[in-house]
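Chains as they are written, first to last, in the numbering used here: chain A, 65 to 177; chain B, 65 to 177; chain C, 65 to 177; chain D, 65 to 177.
Report on the structure given below.
There are 4 protein chains.
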Amino acid sequence: MKGSLYELQQQLDEFIAQREWQKYHRPKNLAMSVAIEAAELMEHFQWCDKDPEEFSKEEKEEIGEEMADVLHYLLRLASVMDIDLYEASKKKIAKNHKRFPVDIAKTMKKSGC
Amino acid sequence: MKGSLYELQQQLDEFIAQREWQKYHRPKNLAMSVAIEAAELMEHFQWCDKDPEEFSKEEKEEIGEEMADVLHYLLRLASVMDIDLYEASKKKIAKNHKRFPVDIAKTMKKSGC
Amino acid sequence: MKGSLYELQQQLDEFIAQREWQKYHRPKNLAMSVAIEAAELMEHFQWCDKDPEEFSKEEKEEIGEEMADVLHYLLRLASVMDIDLYEASKKKIAKNHKRFPVDIAKTMKKSGC
Amino acid sequence: MKGSLYELQQQLDEFIAQREWQKYHRPKNLAMSVAIEAAELMEHFQWCDKDPEEFSKEEKEEIGEEMADVLHYLLRLASVMDIDLYEASKKKIAKNHKRFPVDIAKTMKKSGC
Chain A
65 MKGSLYELQQ QLDEFIAQRE WQKYHRPKNL AMSVAIEAAE LMEHFQWCDK DPEEFSKEEK
125 EEIGEEMADV LHYLLRLASV MDIDLYEASK KKIAKNHKRF PVDIAKTMKK SGC
Chain B
65 MKGSLYELQQ QLDEFIAQRE WQKYHRPKNL AMSVAIEAAE LMEHFQWCDK DPEEFSKEEK
125 EEIGEEMADV LHYLLRLASV MDIDLYEASK KKIAKNHKRF PVDIAKTMKK SGC
Chain C
65 MKGSLYELQQ QLDEFIAQRE WQKYHRPKNL AMSVAIEAAE LMEHFQWCDK DPEEFSKEEK
125 EEIGEEMADV LHYLLRLASV MDIDLYEASK KKIAKNHKRF PVDIAKTMKK SGC
Chain D
65 MKGSLYELQQ QLDEFIAQRE WQKYHRPKNL AMSVAIEAAE LMEHFQWCDK DPEEFSKEEK
125 EEIGEEMADV LHYLLRLASV MDIDLYEASK KKIAKNHKRF PVDIAKTMKK SGC
């Protein structure tokens, strides 16, 4: 099914099991790995503040790869912790709708502004 | 469609558009936000190294929420950069299959070990 | 001695020993803590890109506090790992002088530009 | 003066000025850089949880170098924001003495435990 988080998650679980890497995939290590990959993603934006169209095809390829790495550790953490990331995501979106009513949100002061 | 990344992405794009927050969602800021949320996720694992079953229902709830936050900024970055995260993910999994053949992977030295 | 890294380090070591927190200060946990505090620092710059003089006195106070938190975990990691941060710093500065000769450095492409 | 933060800070300021890199050293970019280097430091602790004496001389050398990188961006941020990191550090230590009285601190629940 195109676009399915569960499909990706299952493929990653198999990838790890085949390589017997489960012993390394403790919750703590996976949370660290999400953060490490997030920092590698951030490197592509470190010194300049470009518009989306200023990125080359190659840069976008590399950025997509780093984004995938972040997602993959998130999905492995979901598996190990037995957390349904799709359901958690739906729930958080619903919560944010209540937390940030449109009228108030439009005039909110953003962090660092 | 249950589990669809694209569905979540579309809901988030609408959420942001309704609140007129697109101006804040520059690629650089979104990459930072992924890393900031990843660190908030990491806080739940900061001082101890627990097995999955040692986490309480409440902790798992909170962890799921932080995981959703990381995912949501990833999806927003995907939208803004016009990167297909699902396709990038499939591609990276295929690449890793080649990069880490099962036999070699089983005996690899892991970073920090 | 005003400005001494070693003085700060010693005060932090005492602070931790008095509270019997050494058991939590494993190298891995301290490295995570540096990253967690670095992300809290980053939150002050998340959505805008202000010049230094645009920050209020209160913001600068808060930013200074987050910077101190990063430094403190670095110094604790230095103590626990028996690494001399001052010497490591001098060494890295010397190394960077060789790595980035002035002429070449002036025209280098920066990451994300 | 051995151990002086101010000495390191001055050497770094000169290093950057010689290379005309000040234009890249916006507060936002420096805060990101602290976090990026913190993640590189974390990589050395990603999959295992070793005692200090289990690290080789080479690993400690590399770890010291990453720690220096974190410190250097902190010091550059201090310069750019005109924040005295040493004074901020002394202030934060004093604040933490009040915030965590010894008796209470000994029995505190730590984050992720």
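The C-beta atom is built at its ideal place from N, Cα and C for all residues, glycine as well.
Model, not experiment: these values are computed from the prediction.
(message) Below 8 Å on the Cβ atoms is my contact criterion, and I expect Ala152(C) with Met106(D) to pass it. Report the Cβ-Cβ distance as a whole number of Å.
(response) Not confirmed; about 17 Å, so no contact.
(message) When you compare the CB of Ala10(A) with every CB in chain B, is at least one pair closer than 8 Å?
(response) As shown, chain A starts at 65 and ends at 177. That puts residue 10(A) outside it, with no answer to give.
(request) Establish whether the CB of Ala142(D) and some CB of chain A are separated by less than 8 Å. (result) no
(message) Excluding the 5 residues flanking Lys182(B) on each side, which residues of the same chain have their C-beta closer than 8 Å to its C-beta?
(response) This structure cannot settle anything about residue 182(B), because the visible part of chain B is limited to 65 through 177.
(message) When you compare the CB of Lys182(D) with every CB in chain C, is at least one pair closer than 8 Å?
(response) Beyond the ends of chain D as shown, which are 65 and 177, falls residue 182(D); an answer cannot be given.
(message) Judging by CA-CA distance, which residue of Trp111(A), Ala158(A), Trp85(A) is the nearest neighbour of Trp85(D)?
(response) Trp111(A)
(message) Just to check my reading of the structure: Phe109(B) and Pro165(A) have Cβ atoms closer than 8 Å, yes? What is that Cβ distance to the nearest angstrom?
(response) Not quite, the Cβ-Cβ distance comes to about 33 Å (not below 8 Å), so this is no contact.
(request) Please report how far the alpha carbon of Phe119(C) lies from the alpha carbon of Ile147(D), in whole angstroms. (result) 11 Å
(request) Could you tell me the distance, in whole angstroms, from the CA atom of Leu94(A) to the CA atom of Ala158(B)? (result) 21 Å
(message) Using only CA atoms, which one of Ser143(D), Gly176(D), Glu123(D), Thr171(D) lies nearest to Gln82(C)?
(response) Thr171(D)
(message) Would Gly176(A) pass as an interface residue toward chain C - the criterion being a Cβ-Cβ separation below 8 Å?
(response) yes
(message) If the cut-off is 8 Å on Cβ atoms, which residues from the stretch 106 to 126 of chain A count as contacting chain C, listed in chain order?
(response) Glu107, His108, Phe109, Gln110, Trp111, Cys112, Asp113, Lys114
(request) Compare the Cα-Cα distances from His136(C) to each of Glu71(D), Leu149(D), Ala142(D), Lys114(D) and report the closest residue. (result) Leu149(D)
(request) Using the DSSP secondary-structure output, state which residues sit across from Ser68(A) in a beta bridge. (result) Ser68(B)
(message) If you follow the alpha helix (DSSP H) that His136(D) is in, where does it begin and where does it stop?
(response) 121 to 145
(request) Quick one: measure Cβ to Cβ for Ala142(D) and Ala99(A), integer angstroms, because I've assumed they're closer than 8 Å. (result) In fact, because the Cβ distance is near 24 Å, the residues do not count as touching under 8 Å.
(request) Using a Cβ cut-off of 8 Å (strictly closer), state whether Ala99(B) contacts chain C. (result) yes
(request) Check each candidate in Pro116(D), Met96(D), Val134(D), Asp77(D) and name the one with the smallest Cα separation from His89(C). (result) Pro116(D)
(request) For Asp167(A), count neighbouring Cβ atoms within 10 angstroms of its own Cβ and tell me buried if that reaches 16, exposed if not. (result) exposed
(request) Give the interface partners of Met96(A) over in chain D, defined as CB-CB distance under 7 Å, in chain order. (result) Met106, Gln110
(message) Rounding to the nearest angstrom, what Cα-Cα distance links Lys124(B) and Val144(A) in this structure?
(response) 11 Å
(message) For Ala103(D), would you say it is in contact with chain A, using Cβ-to-Cβ distances shorter than 8 Å as the test?
(response) yes
(message) Any beta carbon of chain A sitting closer than 8 Å to that of Arg90(B)?
(response) yes
(request) Ignore the nearest five residues each way along the sequence and tell me which others in Glu101(C)'s own chain have a CB closer than 7 Å to its CB. (result) Glu130, Asp133, Val134, Tyr137
(message) Tell me the DSSP secondary structure of Glu107(D) in three-state form.
(response) helix
(message) Residues of chain B with CB closer than 8 Å to the CB of Asp133(A), please, in chain order.
(response) Lys156
(request) Closer than 7 Å by beta-carbon distance: list the chain C residues that pair up with Gln75(D), in chain order. (result) Ile157
(message) Is the separation between the beta-carbon of Gly176(B) and that of Ser68(A) shorter than 8 Å?
(response) no
(request) Measuring only between beta-carbons, confirm whether Asn160(C) sits less than 8 Å from chain B. (result) no
(message) Looking only at its chain, what residues have a beta carbon closer than 6 Å to the beta carbon of Ile127(B), apart from the 5 residues adjacent to it on each side?
(response) His108
(message) Along the chain, where does the alpha helix (DSSP H) containing Glu151(A) start, and where does it finish?
(response) 149 to 163
(request) Under 8 Å by Cβ, that's how I've got Asp77(C) and Asp113(A) pegged, so tell me the actual separation to the nearest angstrom. (result) Between Asp113(A) and Asp77(C) the Cβ distance is about 40 Å, and since that is not below 8 Å, they are no contact.
(message) Please state the DSSP three-state secondary structure of Asp77(B).
(response) helix
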